[in-house]
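K.L.:
Below you will find the structure I want to go over with you.
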Amino acid sequence: MSVIQLKAGLSFDQLVNALGQLSRAELEKLFAEVISVRPMYEEYRLESELLTKINEGISDAVQRRYDELIAKRNERTLTDGEYSQLLQLTDQIELSDAKRLEYLTELARIRNTPLMLLMDELGIKPPPLHA
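So the sequence shown is numbered by the numbering used here: it starts at 2 and just counts up by one.
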């Protein structure tokens, strides 16, 4: 087995030159290994992207305003304009929740894990049902 001398922070050209020190058999073995690792890398990259999207959620400002409008609705002091804004925010939040569920479902599929188990692992609780 060949030993390659490497420096930290290699450029692409330096890496290619270093690989030139390997025998043909070692290069073939390396390429086979790189090709087998690539799908795992892509899967991890996709998982990372999905986790980022899952954790985005709505902004604190939107959540705060939504909570204020819900409180006013419960107190029956909501104006017509505020009611329209509440409907708009509700649609925005529901769309965000639907996208989040879509991302969770995709992540569960990739990990071959039941959705509820994945949500439990991530500390995500289903929203409460309102009667």
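Each residue gets a CB set at the ideal place from its N, CA and C atoms; glycine is no exception.
1. On the CB-based measure, 16 or more other CB atoms within 10 Å of its CB, does L51 come out buried or exposed?
2. How is A132 classed by DSSP in three states: helix, strand or coil?
3. For a test of the three-state rule: what should DSSP assign to N113, helix, strand or coil?
4. Using 8 angstroms as the threshold, is the stretch 71–85 in touch with the stretch 52–62, meaning 3 or more CB pairs across them?
5. Please give the ranges of any alpha helix (DSSP H) in the stretch 52–109, keeping only runs that are unbroken, at least 4 residues long and fully inside the region.
6. For K30, which of helix, strand or coil comes out of DSSP?
7. Among L118, G124, D121 and I111, which residue has its Cα nearest to the Cα of S49?
8. Apply the 10 Å Cβ neighbour rule to L108 and answer buried if 16 or more other Cβ atoms are within range, or exposed otherwise.
9. Which same chain residues, not among the five before or five after E122, have their C-beta less than 7 angstroms away from its C-beta?
10. Quick check: what's the CA-CA separation for G10 versus A19?
P.N.:
Reading off the structure:
1. buried
2. Caution applies to A132, whose pLDDT of 44 falls short of 50 and renders its modelled position unreliable; the model cannot decide the point.
3. coil
4. no
5. 61–75
6. helix
7. It is I111 whose Cα lies nearest to the Cα of S49.
8. buried
9. none
10. 13 angstroms
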